[in-house]
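Using the working numbering, you'd call the opening residue of the sequence shown number 40 and step up by one each time.
Note that CB positions come from ideal geometry on N, CA and C, so glycine has one too.
Encoded as structure tokens, the structure appears first; notes follow it.
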Amino acid sequence: LGIKILKGQEKVTLNEAREAGFENLCTLVDSGVNTPGFAYERATVAAQQLFDTADVVLAKGMGNYECLSETSREHVCCLLKVKCGVVAESLGREIGDIICQMN
40 LGIKILKGQE KVTLNEAREA GFENLCTLVD SGVNTPGFAY ERATVAAQQL FDTADVVLAK
100 GMGNYECLSE TSREHVCCLL KVKCGVVAES LGREIGDIIC QMN
């Protein structure tokens, strides 16, 4: 589980993930990325290795969709609510739609 630590936008902190017991289910890694989406080139080596070797990447949110929608990596599933016209157009959907899209 890659955890993004972006001040003011933390959805789940690394400590909260530990407290919830996720360490018993998966590897926890701080992505090291300080942008709303997972920017591979800015990620820590550990986060890049996890991204490269995971069976499936679940990428939640528009920031992750925008960063990963053109990745050549297989098995990236983007989960998001469409909040702007640019993303709506790229998906052929409407603002407000909920998307679950596997590349």
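Report the three-state DSSP secondary structure of residue i (helix, strand or coil).
i, result
"L130", "helix"
"A86", "helix"
"A98", "strand"
"V68", "strand"
"C123", "coil"
Tell me whether residue i is buried or exposed, calling it buried when 16 or more other Cβ atoms sit within 10 Å of its Cβ.
i, result
"E109", "exposed"
"A82", "buried"
Taking the C-alpha atoms as reference points, what is the distance between residue i and residue j?
i, j, result
"N63", "N73", "26 Å"
"A98", "Y104", "7 Å"
"I134", "Q140", "16 Å"
"L119", "F77", "14 Å"
Within the continuous alpha helix (DSSP H) that includes residue i, where are the two ends?
i, result
"L53", "L53 to E58"
The beta strand (DSSP E) spanning residue i covers which residue range?
i, result
"C116", "V115 to K120"
Assess, as a yes-or-no matter, whether the region 81-89 is touched by the region 102-116 under the definition of 3 or more beta carbon pairs within less than 8 Å. Contact check between the region 102-116 and the region 81-89: fewer than three CB pairs, one atom from each, fall below 8 Å, which does not count as touching.
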